[in-house]
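K.L.:
Protein chains in written order, with the working numbering: chain A, 3 to 333; chain B, 141 to 389; chain C, 122 to 416.
Heads up, the beta-carbon is just placed ideally off N, CA and C, and yes, glycines get one too.
Owing to the predicted nature of the structure, the values given are computational and were not obtained by experimental measurement.
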Amino acid sequence: MKGASRYLPAIPVLLAYAALFGYGLIFPGQWQLVAQLAFYCALGQAFNLFMGMTGYVDFGYVAFLGIGTYGMAISISGLADKGLGLGVIVIGLILSVVFAVLLSLAVGAVALRLRGAYFAIATIGVNEGFRYLVEGARIWNGSEGIIFSRQLRDAVGQEAAMALSTFWADVMVFGVAVIATVLTIVYMRGKIGYALAALRMDEDAAKVMGINVTRFKIIAFITSAALAGALGATAWAVKLTYVFPADVFAIHYTVEAIIIVLLGGAGTLLGPIVGGLIYGVSKYYLAVYIPGFQLLVFAPVIIVVIVMFPEGTVGMIKRKCAGTAFAKYIL
Amino acid sequence: MSLLRLENVTKRFGGLLAVDNITAEISHGEMMAIVGPNGAGKTTLFNLINGVFFPDEGKIWFEDVDVTRYPAYRRAHLGIGRTFQIPRPFASATVRENIAIGAMFGAAGSEISVDQAMEMADRYIGLIGISSHRDKPAGGLTPIEKKMMEIARALAMKPRLLLMDEAMAGMNPKDIDWMVDFIKRIRGEEGIAIVCLVEHIMRAVAGLAERVLVMHQGAKLVDEPTKAALSDPRVIEVYLGVPPGEADA
Amino acid sequence: MILEQLAGNLFQGVVLGTVYGMATMGLSLIFGVLKVVNVGHGAFIMVGAFTSFAVFEYLGLSPVFAVPVAFGIGMALGMIFYYSAIRRLLKGPELASLLATFSFGVILEEAVKQLFTSDFRGFNWDLGKIDMGFTVLPYAKVVACLGSIIVALLLYLWFNRTRAGMAMRSVVEDSVGARVCGVNVDWEYALSFSLGIGLTVASGVLLTMFISVGIHPYMGGEYTLKAFVIAVLGGLASPYGAFFGGLVFGLLENGSYVFFAQIQGLEPFAMTRFFSFLILLLILLLRPTGLLKAK
Numbered sequence: 003m004k005g006a007s008r009y010l011p012a013i014p015v016l017l018a019y020a021a022l023f024g025y026g027l028i029f030p031g032q033w034q035l036v037a038q039l040a041f042y043c044a045l046g047q048a049f050n051l052f053m054g055m056t057g058y059v060d061f062g063y064v065a066f067l068g069i070g071t072y073g074m075a076i077s078i079s080g081l082a083d084k085g086l087g088l089g090v091i092v093i094g095l096i097l098s099v100v101f102a103v104l105l106s107l108a109v110g111a112v113a114l115r116l117r118g119a120y121f122a123i124a125t126i127g128v129n130e131g132f133r134y135l136v137e138g139a140r141i142w143n144g145s146e147g148i149i150f151s152r153q154l155r156d157a158v159g160q161e162a163a164m165a166l167s168t169f170w171a172d173v174m175v176f177g178v179a180v181i182a183t184v185l186t187i188v189y190m191r192g193k194i195g196y197a198l199a200a201l202r203m204d205e206d207a208a209k210v211m212g213i214n215v216t217r218f219k220i221i222a223f224i225t226s227a228a229l230a231g232a233l234g235a236t237a238w239a240v241k242l243t244y245v246f247p248a249d250v251f252a253i254h255y256t257v258e259a260i261i262i263v264l265l266g267g268a269g270t271l272l273g274p275i276v277g278g279l280i281y282g283v284s285k286y287y288l289a290v291y292i293p294g295f296q297l298l299v300f301a302p303v304i305i306v307v308i309v310m311f312p313e314g315t316v317g318m319i320k321r322k323c324a325g326t327a328f329a330k331y332i333l
Numbered sequence: 141m142s143l144l145r146l147e148n149v150t151k152r153f154g155g156l157l158a159v160d161n162i163t164a165e166i167s168h169g170e171m172m173a174i175v176g177p178n179g180a181g182k183t184t185l186f187n188l189i190n191g192v193f194f195p196d197e198g199k200i201w202f203e204d205v206d207v208t209r210y211p212a213y214r215r216a217h218l219g220i221g222r223t224f225q226i227p228r229p230f231a232s233a234t235v236r237e238n239i240a241i242g243a244m245f246g247a248a249g250s251e252i253s254v255d256q257a258m259e260m261a262d263r264y265i266g267l268i269g270i271s272s273h274r275d276k277p278a279g280g281l282t283p284i285e286k287k288m289m290e291i292a293r294a295l296a297m298k299p300r301l302l303l304m305d306e307a308m309a310g311m312n313p314k315d316i317d318w319m320v321d322f323i324k325r326i327r328g329e330e331g332i333a334i335v336c337l338v339e340h341i342m343r344a345v346a347g348l349a350e351r352v353l354v355m356h357q358g359a360k361l362v363d364e365p366t367k368a369a370l371s372d373p374r375v376i377e378v379y380l381g382v383p384p385g386e387a388d389a
Numbered sequence: 122m123i124l125e126q127l128a129g130n131l132f133q134g135v136v137l138g139t140v141y142g143m144a145t146m147g148l149s150l151i152f153g154v155l156k157v158v159n160v161g162h163g164a165f166i167m168v169g170a171f172t173s174f175a176v177f178e179y180l181g182l183s184p185v186f187a188v189p190v191a192f193g194i195g196m197a198l199g200m201i202f203y204y205s206a207i208r209r210l211l212k213g214p215e216l217a218s219l220l221a222t223f224s225f226g227v228i229l230e231e232a233v234k235q236l237f238t239s240d241f242r243g244f245n246w247d248l249g250k251i252d253m254g255f256t257v258l259p260y261a262k263v264v265a266c267l268g269s270i271i272v273a274l275l276l277y278l279w280f281n282r283t284r285a286g287m288a289m290r291s292v293v294e295d296s297v298g299a300r301v302c303g304v305n306v307d308w309e310y311a312l313s314f315s316l317g318i319g320l321t322v323a324s325g326v327l328l329t330m331f332i333s334v335g336i337h338p339y340m341g342g343e344y345t346l347k348a349f350v351i352a353v354l355g356g357l358a359s360p361y362g363a364f365f366g367g368l369v370f371g372l373l374e375n376g377s378y379v380f381f382a383q384i385q386g387l388e389p390f391a392m393t394r395f396f397s398f399l400i401l402l403l404i405l406l407l408r409p410t411g412l413l414k415a416k
């Protein structure tokens, strides 16, 4: 596999995103559902970059989404009257990614030295811990959160604010999803992909083979966190124009990310989008027919998948297609 | 400058003294065997040289660099390669990918690309003769095939010191002879300075090693050229239990 | 005044700490025997809390009776979870069992939510208080504290004096050797897991004595965090370590509350929780095997 042909698997994924986007444009009434699906796919793609590729579960993942949301919120509410126009959004994105990276370095410094179960323990409290820090030290208004719809209107004007919150925020979510996809395949096809796969399969043997496992874990961790930060900034901050610690540090979203990645196939490129679509659509219809029951349905699904289909949907498809012409396109 | 130097290396696990004050030296290009009964501490010694764990006392020098506290991956970059007693392939990766990983992250790894690593992998696959398994997941191979793959993978790391832990266990005599030839060949062709064996199989030891270090209960018993070592009465007593001249028949 | 408040707080911390300790013993037991981290730990405590509520509300019985009921429920849940999933995941990657226990927690939370709604529930079991001069201690808390100590003692006796308990210990030491000696390792695993869960659910009953705001289906999260801090303090694999870790944690938690309350601009309640998380990270960084020697 040489040159450009190794990036072929990106095509089905990008096509799928394009199709989803197109569907939403053609049927504007369905845009909210499309936006929601895009969010789940992006979440899965970002989460997969760490959990799928390293095999470590970061139970505190939502903290990166949360802090990203705050990054954007601070930019908008703080810089609204500086006459920067859409610049507040750009600055907000930069801030959210920077915050997420800083938090991931802080958490990673402790957690990434630890193996499997200890890593999970270290991360299990990250979302709780960080939320309580924000509330306890009254950072960024503590538990009262920040509401910045007015500031957004001040910064970019009434119409633009409306357009941002109802359409362009979601477009940016698609953007995050695409960036996550591109990063994933670049990693998977590069040395880092092999290093991560090796350490996932046998960390001690990987070390003996010359792989600096900590370094590669950190790279994957930070990348995954940065994407989460951008996602929080767009899907939550710009879209909703408010942020409350209790909402954005809810472990609920980490559960969803886990479901999406497992359903689709952990460690695959196509998996998160497949998982995101299955989960998003199922959740939507479940909400219509049996509201409030969604997690009760999905949590056992996780267990069934882990016990019976650990490779997930795309993993199974990959196996069945091995050796056929399709294999080039499925990663 | 010696290739590897061990000075008073000691390792304890709780109350068990696994490696007891070993001092030894290996030169470039030397072929040495480490032998001893089960539980003598051979694999632990390998683990110490390799960086899997650190000694409690003593120092380890690789080409005059003090690597005593270097993590395993750094030692790999310096040129220490290793195969395991029980093979540890990356199970879901193909044989080709396994070997390429060795190339990518080994001593020469920083200069080569993924594609070049794959080419190197193909070469070593051909060299060791497992071409038919190239694209199979490594986990599905037979134990002997896994051993071969591990050797290829370790070679792809371009080591200057190759630690082979019981590479010939479970092989029949014909295969052992093949392996002995193979090791001699790669040592010459690949410029691997030394192949360090841990072996029970005296056929291999006698055929390959220039020097033998015999371990017993963690300590060094003898460290002599092969012929001398194998006929040393202390060695025979440890292996057979009885000094020569007192054995029956 | 401050000193009296501090003394009172620390005393309360010890009382609470014994219950915390008991609540964590199950976690350490499961990890010690099966090497499985029960990430859904808090949810099981929540189940215990709701059992206590249900027994009081619907059966009119005091929480003392709820303890064995909760223990039974816990054992039953443990068996179900073990045989349906855990058993098959023991040989797989660690990730799998982590996710499984996590999902169990989610299932329990959602199920309880369906049964009881997500409203806060509370009940009042007032036995009167005992005035100790520097602090006031409700009898209910005394009962809980004594109950925890009794359970810890029972567990000790069980491990060291009964055949069943020793069989379980043998499995920890050497599962292959145990098998050769005729121990049914799979059954011991099932029993250990269920015992651990039973302990955890039962502790939920005792913990309700200390929760003034009321219980709700999603209360587990903070207890999972606390349990992990305690478990890591005491050495993840040792139930006795967990008990003493609980005492230490109770002291730290209450002590830190007084400390944070002195500082303007901070909300002591939330800061205490953040502090516990900080302790967790510190210990994992410095002494992952716990402050006590591993058993």
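Based on the DSSP output, what are the partners of Glu170 (chain B) in its beta bridges?
P.N.:
As a working note, residue 170 (chain B) is residue 30 in the second sequence. Looking at the DSSP assignment, Glu170 (chain B) forms no beta bridge with any residue, so it has no partner.
K.L.:
Considering just the uninterrupted stretch of the beta strand (DSSP E) at Thr197 (chain B), what are its terminal residues?
P.N.:
Looking up residue 197 (chain B) in the second sequence gives position 57. Here the sequence assigns Glu to residue 197 (chain B), which means Thr is not the residue at that position. Element bounds for Glu197 (chain B): 197-202.
K.L.:
Look at the alpha carbon of Ile404 (chain C) and the alpha carbon of Thr393 (chain C), and state the distance between them as a whole number of angstroms.
P.N.:
For the purposes of this step, residue 404 (chain C) is taken as residue 283 along the third sequence, with counting starting at 1. For the purposes of this step, residue 393 (chain C) is taken as residue 272 along the third sequence, with counting starting at 1. Computed Cα separation, rounded: 17 Å.
K.L.:
Should Cys43 (chain A) go down as buried or exposed, given a rule of 16 or more other Cβ atoms within 10 Å for buried?
P.N.:
Counting from 1 along the first sequence, the entry for residue 43 (chain A) is found at position 41. Buried, because 16 or more other Cβ atoms sit within 10 Å of the Cβ of Cys43 (chain A).
K.L.:
Compare the Cα-Cα distances from Val235 (chain B) to each of B:Gly246, B:Leu281, B:Ala247, B:Phe224 and report the closest residue.
P.N.:
Sequence index remark: in the second sequence, residue 235 (chain B) carries index 95 (1-based). Closest by alpha carbon: B:Leu281.
K.L.:
Just to make sure I have the definition right: I need the residues of chain B whose C-beta is within less than 9 Å of the C-beta of Val184 (chain A). Which are they?
P.N.:
Here residue 184 (chain A) refers to the residue found at position 182 of the first sequence. Those do not exist, as Val184 (chain A) stays about 17 Å from chain B at its closest Cβ, beyond 9 Å.
K.L.:
Tell me, please, whether the CB atom of Val207 (chain B) is closer than 8 Å to any CB atom in chain A?
P.N.:
Within the second sequence, the letter at position 67 stands for residue 207 (chain B). It does not: the Cβ of Val207 (chain B) has no partner Cβ on chain A nearer than 8 Å.
K.L.:
Out of curiosity, what's the CA-to-CA distance linking Ala278 (chain B) and Asn143 (chain A)?
P.N.:
Mapped onto the second sequence, residue 278 (chain B) falls at position 138. Mapped onto the first sequence, residue 143 (chain A) falls at position 141. Roughly 55 Å separates the two Cα atoms.
K.L.:
Apply the 10 Å Cβ neighbour rule to Glu290 (chain B) and answer buried if 16 or more other Cβ atoms are within range, or exposed otherwise.
P.N.:
Locating residue 290 (chain B) in the second sequence gives position 150, where the first residue counts as 1. Glu290 (chain B) should be labelled buried.
K.L.:
Taking just the CA atoms, how far does Ile284 (chain B) sit from Asn312 (chain B)?
P.N.:
Indexing the second sequence from 1 puts residue 312 (chain B) at position 172. Indexing the second sequence from 1 puts residue 284 (chain B) at position 144. Computed Cα separation, rounded: 11 Å.
K.L.:
So, at 8 Å on beta carbons, what are the nonlocal neighbours of Arg152 (chain B) in its own chain, with the 5 sequence-adjacent residues on each side left out?
P.N.:
The residue given as residue 152 (chain B) occupies position 12 in the second sequence. Hits under 8 Å: Ala158, Asp196.
K.L.:
From Ser149 (chain C) to Met203 (chain A), what does the alpha carbon distance come to, in whole angstroms?
P.N.:
Walking along the third sequence from the start, residue 149 (chain C) turns up at place 28. Walking along the first sequence from the start, residue 203 (chain A) turns up at place 201. Roughly 27 Å separates the two Cα atoms.
K.L.:
Measuring only the C-alpha atoms, how far is Leu97 (chain A) from Val173 (chain A)?
P.N.:
Here residue 97 (chain A) refers to the residue found at position 95 when the first sequence is read from its first residue. Here residue 173 (chain A) refers to the residue found at position 171 when the first sequence is read from its first residue. Each residue's alpha carbon lies about 19 Å from the other.
K.L.:
For Tyr260 (chain C), which residues in the same chain have their Cβ closer than 8 Å to its Cβ, ignoring the five residues on either side in sequence?
P.N.:
Position 139 of the third sequence holds residue 260 (chain C). Correct list, in chain order: Leu248, Gly249, Lys250, Ile251.
K.L.:
Can Ser313 (chain C) and Ile151 (chain C) be called in contact, C-beta distance under 8 Å?
P.N.:
Translated into the one-based positions of the third sequence, residue 313 (chain C) becomes position 192. Translated into the one-based positions of the third sequence, residue 151 (chain C) becomes position 30. Cβ atoms of Ser313 (chain C) and Ile151 (chain C): closer than 8 Å.
K.L.:
Return yes when the Cβ of Ala197 (chain C) is within less than 8 Å of the Cβ of Glu137 (chain A), no when it is not.
P.N.:
Working through the first sequence from its first residue, we reach residue 137 (chain A) at position 135. Working through the third sequence from its first residue, we reach residue 197 (chain C) at position 76. No.
K.L.:
Tell me where the alpha helix (DSSP H) around Thr106 (chain B) begins and ends.
P.N.:
Limits of chain B in this structure are 141 at one end and 389 at the other, which puts residue 106 (chain B) out of reach.
K.L.:
For Thr163 (chain B), which three-state DSSP category applies?
P.N.:
As a working note, residue 163 (chain B) is residue 23 in the second sequence. If DSSP states are grouped into helix, strand and coil, Thr163 (chain B) belongs with the strands.
K.L.:
Could you give the residue range of the beta strand (DSSP E) that holds Leu162 (chain C)?
P.N.:
Working through the third sequence from its first residue, we reach residue 162 (chain C) at position 41. The residue asked about is misnamed: residue 162 (chain C) is His in this sequence, not Leu. No beta strand (DSSP E) contains His162 (chain C), which is instead part of the alpha helix (DSSP H) from 162-180.
K.L.:
Just to confirm, is the Cβ distance from Cys266 (chain C) to Thr139 (chain C) under 8 Å?
P.N.:
Stepping through the third sequence from its first residue, residue 266 (chain C) is reached at position 145. Stepping through the third sequence from its first residue, residue 139 (chain C) is reached at position 18. A contact, by the Cβ cut-off of 8 Å.
K.L.:
Could you say which of A:Val100, A:Leu104, A:Ala20 lies nearest to Val36 (chain A) if we only look at CA atoms?
P.N.:
The sequence position of residue 36 (chain A) within the first sequence is 34, counting from 1. Among A:Val100, A:Leu104, A:Ala20, the Cα nearest to that of Val36 (chain A) belongs to A:Ala20.
K.L.:
Please state whether the Cβ-Cβ distance between Gln357 (chain B) and Glu306 (chain B) is less than 8 Å.
P.N.:
If you number the second sequence from 1, residue 357 (chain B) lands on position 217. If you number the second sequence from 1, residue 306 (chain B) lands on position 166. The answer is no: Cβ separation not under 8 Å.
K.L.:
Mind pulling the chain A residues with CB within less than 7 Å of Ile241 (chain B)?
P.N.:
Position 101 of the second sequence holds residue 241 (chain B). Correct list: Tyr196, Ala200, Met211.
K.L.:
Can you tell me whether DSSP reads Leu279 (chain A) as helix, strand or coil?
P.N.:
Counting from 1 along the first sequence, the entry for residue 279 (chain A) is found at position 277. It is helical.
K.L.:
Provide the residue span of the beta strand (DSSP E) that contains Met304 (chain B), from first to last.
P.N.:
Translated into positions along the second sequence, residue 304 (chain B) becomes position 164. Segment 301-305, the beta strand (DSSP E) holding Met304 (chain B).
K.L.:
Which residues of chain B have a Cβ atom closer than 7 Å to the Cβ of Arg117 (chain A), listed in chain order?
P.N.:
As a working mapping, residue 117 (chain A) is identified with position 115 in the first sequence. Here the premise fails: no neighbours, minimum Cβ distance about 14 Å.
K.L.:
Confirm, please, whether the CB-CB distance from Leu131 (chain C) to Asn375 (chain C) is below 8 Å.
P.N.:
Position 254 of the third sequence, counting from 1, holds the residue named residue 375 (chain C). Position 10 of the third sequence, counting from 1, holds the residue named residue 131 (chain C). For Asn375 (chain C) and Leu131 (chain C), yes; Cβs fall inside 8 Å.
K.L.:
Cutting at 7 Å between CB atoms, please list the residues of its own chain near Gly159 (chain A), excluding the five before and the five after it.
P.N.:
Mapped onto the first sequence, residue 159 (chain A) falls at position 157. None.
K.L.:
Which term fits Glu237 (chain B), buried or exposed, when burial requires 16 or more other beta carbons within 10 angstroms of its beta carbon?
P.N.:
Within the second sequence, numbered from 1, the residue matching residue 237 (chain B) stands at position 97. Classification for Glu237 (chain B): buried.
K.L.:
Measure the alpha-carbon distance for Gln32 (chain A) versus Tyr281 (chain A) and round it to whole angstroms.
P.N.:
Taking the first sequence and counting its residues from 1, one reaches residue 32 (chain A) at position 30. Taking the first sequence and counting its residues from 1, one reaches residue 281 (chain A) at position 279. The alpha-carbon atoms of Gln32 (chain A) and Tyr281 (chain A) are separated by roughly 17 Å.
K.L.:
Since His217 (chain B) meets chain A, which of its residues come closer than 8 Å, beta carbon to beta carbon?
P.N.:
Start at 1 with the first residue of the second sequence, and residue 217 (chain B) comes out as number 77. Those are Gly212, listed as they occur along chain A.
K.L.:
Scan the region 223-251 of chain B for residues whose Cβ lies nearer than 9 Å to a Cβ of chain A and list them as they occur along the chain.
P.N.:
Residues passing the 9 Å Cβ filter: Phe224, Arg228, Pro229, Phe230, Ala231, Ser232, Ala233, Glu237, Asn238, Ala240, Ile241, Gly242, Met244, Phe245, Gly246, Ala247, Gly249.
K.L.:
Using beta-carbon positions only, say whether Val245 (chain A) and Gly147 (chain A) come within less than 8 Å of one another.
P.N.:
Within the first sequence, numbered from 1, the residue matching residue 245 (chain A) stands at position 243. Within the first sequence, numbered from 1, the residue matching residue 147 (chain A) stands at position 145. Yes, they are a contact pair.
K.L.:
Put Val157 (chain C) into one of helix, strand or coil per three-state DSSP.
P.N.:
Within the third sequence, residue 157 (chain C) is the residue found at index 36, counting from 1. The answer is coil: DSSP assigns Val157 (chain C) none of H, G, I, E or B.
K.L.:
Does any CB atom of chain B fall closer than 8 Å to the CB of Leu10 (chain A)?
P.N.:
Looking up residue 10 (chain A) in the first sequence gives position 8. So, not an interface residue.
K.L.:
Would Tyr58 (chain A) count as contacting chain B if we go by Cβ distances under 8 Å?
P.N.:
In the first sequence, residue 58 (chain A) corresponds to position 56, counting from 1. By this cut-off, Tyr58 (chain A) is not an interface position.
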